[in-house]
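Residue numbers for the sequence shown follow numbering that gives the first Met the number 0, so the first one is 0 and each next one is one higher.
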Amino acid sequence: MIEGIIASLIAAAIAAILTWLWRRFHSRSSPNSKNVQHIQPALAADSFQKIKKITGKLQFSKDAKKKKTSRLFRQLRQSTVFFSDRFSQAFPGCRDIAEFNDPKEAMRRLDILLKMPISVEYENSRATPVWWFRGGSALHIESYERIKKNFLSTDEFLFSDVEHYKLKRLIAVGDSSYYRKFVYLEVDGLEPSGLYDLSYSLKEQGYTREEYGLYGDKLVTREEYDDGAAIVGGKVKNISGKVKLRARMVGRYNFLIAAHASPINNTNAEDEIEAILDNMLAGRSTIDNLVKYIGRLPKGRMDI
Numbered sequence: 000m001i002e003g004i005i006a007s008l009i010a011a012a013i014a015a016i017l018t019w020l021w022r023r024f025h026s027r028s029s030p031n032s033k034n035v036q037h038i039q040p041a042l043a044a045d046s047f048q049k050i051k052k053i054t055g056k057l058q059f060s061k062d063a064k065k066k067k068t069s070r071l072f073r074q075l076r077q078s079t080v081f082f083s084d085r086f087s088q089a090f091p092g093c094r095d096i097a098e099f100n101d102p103k104e105a106m107r108r109l110d111i112l113l114k115m116p117i118s119v120e121y122e123n124s125r126a127t128p129v130w131w132f133r134g135g136s137a138l139h140i141e142s143y144e145r146i147k148k149n150f151l152s153t154d155e156f157l158f159s160d161v162e163h164y165k166l167k168r169l170i171a172v173g174d175s176s177y178y179r180k181f182v183y184l185e186v187d188g189l190e191p192s193g194l195y196d197l198s199y200s201l202k203e204q205g206y207t208r209e210e211y212g213l214y215g216d217k218l219v220t221r222e223e224y225d226d227g228a229a230i231v232g233g234k235v236k237n238i239s240g241k242v243k244l245r246a247r248m249v250g251r252y253n254f255l256i257a258a259h260a261s262p263i264n265n266t267n268a269e270d271e272i273e274a275i276l277d278n279m280l281a282g283r284s285t286i287d288n289l290v291k292y293i294g295r296l297p298k299g300r301m302d303i
């Protein structure tokens, strides 16, 4: 996109200069046309030197940005190192367990941990070092945004501009091994959208996830989002390109945030971690049990 804008600016500048030169050239019919003819080559040479100078500056800016992106890409590719550095910034001095039961303070720490950028694209590859995990469910976090209401920050946030959560408490787990650091998040359930019957899922496991589209202040079903059309005000409307995908947890829920190459990212550990997290919600297990289990897991095979 930036390259396209730069190219358009250069084209516009060249067109403007050439138009000016054309007007100067045709002004030779004036009484001073003889003098004008003598200065045309000089004016043209000067104009094209200016174009060359502008183009050079734009190319330098483009190269500098590419180098900066390349450097950031290399940093984010080392997911455990990147996450460890962010963890240290958000929880300075934490070498064991630090619990934050005040949602406001927990959000302030999460703001630091997930400060942008936490993902970058470079030469058709994408680096996403920070992931959330819960048993067999896991996904990279491309972006983080604190939700504001009436211009005031809340204890609600978005992951990757889709996943909507309301933070209840946060537990930071430090370790002498940089690659073992992780963060436990517990979230309050959000109000159901009313688009679906969630009673069975809530009765079975106490929480459920629902997806929907946000069209202005109107909620539409996931199916309507996929179709790009919805019934709004009793009429069928084309909502394609004007609707945002959203997902929310209904009911209390918990999950972990860690580096992509964390020991937590282990298919052999998924069932046990999910069982511990479920038991923590039910009050039958504690963070200590989770820390002990994760502490026995081997170093992540993708750690570089």
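Think of the CB as a built atom: it goes at the ideal place given N, C-alpha and C, for glycine as much as any other residue. As the structure is a prediction and not an experimental result, all values here were calculated from the model.
Inset, instruction - Pick helix, strand or coil for V146, following the three-state DSSP scheme. - result: Indexing the sequence shown from 1 puts residue 146 at position 147. Sequence check: residue 146 is Ile here, not Val. Three-state result, I146: strand.
Inset, instruction - Could you name the residues of the same chain whose beta carbon sits closer than 8 Å to that of E269, not counting the 5 residues immediately before and after it, in chain order? - result: Start at 1 with the first residue of the sequence shown, and residue 269 comes out as number 270. Excluding positions up to five away in sequence, the list reads G134 and G135.
Legend entry - Where T153 sits in the DSSP three-state scheme: In the sequence shown, counting from the first residue as 1, residue 153 sits at position 154. If DSSP states are grouped into helix, strand and coil, T153 belongs with the strands.
Inset, instruction - Starting from the C-beta of P102, find all residues in its chain whose C-beta is less than 6 Å away, skip the five residues before and the five after it, and write them out in chain order. - result: Start at 1 with the first residue of the sequence shown, and residue 102 comes out as number 103. Only D154 and L166 meet the Cβ criterion.
Legend entry - Stretch-stretch touch, CB-based, cutoff 8 Å, three pairs: the segment 199-219 with the segment 90-99: no
Legend entry - Residues bridged to E162 (per DSSP): For this step, residue 162 is matched to residue 163 along the sequence shown. Beta-bridge pairing links E162 to F158 and A246.
Legend entry - Delimiting residues of the alpha helix (DSSP H) encompassing A89: Residue mapping note: residue 89 aligns to position 90 of the sequence shown, counting from 1. Here the alpha helix (DSSP H) through A89 covers S78 to A89.
Legend entry - Alpha-carbon to alpha-carbon, K65 and A274: Working through the sequence shown from its first residue, we reach residue 274 at position 275. Working through the sequence shown from its first residue, we reach residue 65 at position 66. Cα-Cα distance, rounded: 45 Å.
Inset, instruction - Mind checking who D187 pairs with in its DSSP beta bridge? - result: For the purposes of this step, residue 187 is identified with residue 188 of the sequence shown, where counting begins at 1. Per DSSP, K165.
Legend entry - Residue nearest to L169 in terms of C-alpha spacing, selected from P297, R300, Y292 and I286: Sequence index remark: in the sequence shown, residue 169 carries index 170 (1-based). If we check each option's Cα against that of L169, I286 comes out closest.
Legend entry - Sub-8 Å separation of D248 and Y164 beta-carbons: Against the sequence shown, residue 248 aligns to sequence position 249. Against the sequence shown, residue 164 aligns to sequence position 165. The sequence shown places Met at residue 248, not Asp. A contact, by the Cβ cut-off of 8 Å.
Inset, instruction - Out of S87, T266, K202 and G215, state which residue places its alpha-carbon closest to the alpha-carbon of D174. - result: Start at 1 with the first residue of the sequence shown, and residue 174 comes out as number 175. Cα-wise, what sits closest to D174 is S87.
Legend entry - Neighbourhood of V290 by C-beta, 8 Å cutoff - its chain only, sequence neighbours within 5 removed: Taking the sequence shown and counting its residues from 1, the one referred to as residue 290 is at position 291. Contacts found: I96 and V172.
Legend entry - 3-residue-minimum beta strand (DSSP E) runs that sit fully inside the segment 101-130, ordered along the chain: 119-121 and 124-126
Inset, instruction - Taking L189 as the reference, give the member of F156, Y178 and S78 with the closest Cα. - result: Here the question's residue 189 lines up with position 190 in the sequence shown. Closest by alpha carbon: F156.
Inset, instruction - Specify the secondary structure class of G134 as computed by DSSP and reduced to three states. - result: As a first step, residue 134 is located in the sequence shown; it is residue number 135 there, counting from the start. Of the three classes helix, strand and coil, the one that applies to G134 here is coil, per DSSP.
Inset, instruction - With DSSP as the reference, label M301 as helix, strand or coil. - result: As a position in the sequence shown, residue 301 is number 302, starting the count at 1. For M301, the three-state secondary structure derived from DSSP is coil.
Legend entry - Cβ contact (3+ pairs, closer than 8 Å) linking the segment 192-208 and the segment 235-253: yes
Inset, instruction - Determine, using beta carbons only, whether T127 and A260 come nearer to each other than 8 Å. - result: On the sequence shown, position 128 is the one that residue 127 refers to. On the sequence shown, position 261 is the one that residue 260 refers to. Against a cut-off of 8 Å, the Cβ pair of A260 and T127 comes out as no contact.
Inset, instruction - Find out if the Cβ-Cβ distance for the pair I146, L113 is shorter than 8 Å. - result: Working through the sequence shown from its first residue, we reach residue 146 at position 147. Working through the sequence shown from its first residue, we reach residue 113 at position 114. No.
Inset, instruction - Taking 8 Å as the cut-off, decide whether the C-beta atoms of N253 and L296 are in contact. - result: On the sequence shown, residue 253 is found 254 positions in, with the first residue counted as 1. On the sequence shown, residue 296 is found 297 positions in, with the first residue counted as 1. The answer is no: Cβ separation not under 8 Å.
Inset, instruction - Return helix, strand or coil for E271, following the three-state DSSP convention. - result: For the purposes of this step, residue 271 is taken as the residue at position 272 of the sequence shown. Here E271 sits in helix by DSSP.
Legend entry - I230 in three-state terms, based on DSSP: Counted from its first residue, the sequence shown places residue 230 at position 231. Reduced to three states, the DSSP call for I230 is strand.
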